[in-house]
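Novice: Numbering (full-length UniProt numbering), first residue to last: 62 to 230. Ideal placement from N, C-alpha and C gives every residue a C-beta, glycine not left out.
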Ligand code: ADP
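1. Are at least three pairs of beta-carbons, each pair with one atom in the segment 81 to 94 and one in the segment 149 to 159, less than 8 Å apart?
2. For residue 229, which three-state DSSP category applies?
3. Looking at residue 125 and the ligand ADP, is the gap between the Cβ and the nearest heavy atom below 7 Å?
4. Ignore the nearest five residues each way along the sequence and tell me which others in residue 207's own chain have a CB closer than 7 Å to its CB.
5. To the nearest angstrom, how far is it from the Cα of residue 220 to the Cα of residue 210?
6. Which complete alpha helix (DSSP H) runs does the UniProt domain "Nucleoside diphosphate kinase-like" (82 to 219) hold, if anything under 4 residues is left out?
7. For residue 185, verify whether its CB is less than 7 Å away from any heavy atom of the ligand ADP.
8. Please determine whether the Cβ atom of residue 181 lies at a distance below 7 Å from any heavy atom of the ligand ADP.
9. Does the Cβ of residue 55 have 16 or more other Cβ atoms within 10 Å, making it buried, or fewer, making it exposed?
10. Less than 8 Å between C-beta atoms, sequence neighbours within five positions excluded: which residues of the same chain meet that for residue 125?
11. Would you mind sorting residue 223 into buried or exposed? The rule is 16 or more other CB atoms within 10 Å of its CB.
12. CB of residue 116 to nearest heavy atom of the ligand ADP: below 7 Å?
13. Shorter than 7 Å, the distance from the beta carbon of residue 199 to the closest heavy atom of the ligand ADP, or not?
14. As a quick exercise: from 191, 195, 111, pick the residue whose alpha carbon is nearest that of residue 182.
15. Alpha carbon to alpha carbon, what distance is there between residue 168 and residue 178?
16. Of all the options 102, 90, 82, 218, which has the alpha carbon lying nearest to the alpha carbon of residue 193?
Laid out in structure tokens, this is it:
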């Protein structure tokens, strides 16, 4: 008797659910707040389809700024960078989604706004590295580290956006 071929089952929703959901720390820097660009920054991540899980206006203390940028300690611009970050309120955001860390870096654009592509936040809205409007974590590990650094547990919200089934099949 002919043996039947084993059925091959493809369940895309199961494959999708295996994709890693990452989180990233996005921050509207003091110049972004002072220049009235906070709505614009939030809007770009919202429209892209990522999920906001934390949001606050916050005056950053010196030690937190230094901890956040500890990998840059020793760089010539480090003191000016810390002075800039504590110079006025920042807007702290936690965003979640599949591929959110790398996608957010693309939406933000290159560190030097003059080299950032048009269409990116820095490419459209800034002209100098020392005033580049927004921060975004550079790896999923740093995303977790920075969210834990800037937010207390009770400040983060887990929720299911109504649009979820219209963003991912
Ligand atoms: P990014 O923010 O794009 O991840 P880096 O991690 O290299 O960039 O640097 C962190 C921040 O330090 C930059 O966003 C910018 O605000 C500041 N910075 C970096 N390089 C310089 C520089 N040469 N002069 C002044 N500020 C700088």
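Specialist: In brief:
1. Contact check between the segment 81 to 94 and the segment 149 to 159: three or more CB pairs, one atom from each, fall below 8 Å, which counts as touching.
2. Taking the chain shown and counting its residues from 1, one reaches residue 229 at position 168. Coil at residue 229, not helix or strand.
3. Here residue 125 is taken as the residue at index 64 of the chain shown, counted from 1. No, since every heavy atom of the ligand ADP falls outside the 7 Å radius drawn around the Cβ of residue 125.
4. Residue numbering aside, residue 207 sits at position 146 when the chain shown is read from its first letter. If we look at residue 207 and ignore the five residues flanking it on each side, its Cβ neighbours are 86, 129, 198.
5. Residue numbering aside, residue 220 sits at position 159 when the chain shown is read from its first letter. Residue numbering aside, residue 210 sits at position 149 when the chain shown is read from its first letter. Residue 220 and residue 210 have their C-alpha atoms spaced approximately 21 Å apart.
6. 91 to 95, 99 to 109, 123 to 129, 139 to 146, 161 to 169, 182 to 186, 201 to 211
7. Position 124 of the chain shown holds residue 185. Result no, Cβ not under 7 Å from the ligand ADP.
8. Residue mapping note: residue 181 aligns to position 120 of the chain shown, counting from 1. Checking the Cβ of residue 181 against the ligand ADP gives no.
9. Because the chain here runs from 62 to 230, residue 55 falls outside it and cannot be looked at.
10. Indexing the chain shown from 1 puts residue 125 at position 64. Excluding positions up to five away in sequence, the list reads 210, 211.
11. One-based indexing of the chain shown puts residue 223 at position 162. So residue 223 ends up on the exposed side.
12. Residue mapping note: residue 116 aligns to position 55 of the chain shown, counting from 1. Because no heavy atom of the ligand ADP lies under 7 Å away, the Cβ of residue 116 does not count as near it: no.
13. As a working mapping, residue 199 is identified with position 138 in the chain shown. For the ligand ADP, at least one heavy atom lies less than 7 Å from the Cβ of residue 199.
14. On the chain shown, residue 182 is found 121 positions in, with the first residue counted as 1. Closest option to residue 182, Cα to Cα, is 195.
15. Along the chain shown, read from residue 1 onward, the residue named residue 178 stands at position 117. Along the chain shown, read from residue 1 onward, the residue named residue 168 stands at position 107. If I take the Cα positions, the gap works out to 9 Å.
16. Locating residue 193 in the chain shown gives position 132, where the first residue counts as 1. Ranking the options by Cα distance to residue 193, first place goes to 90.
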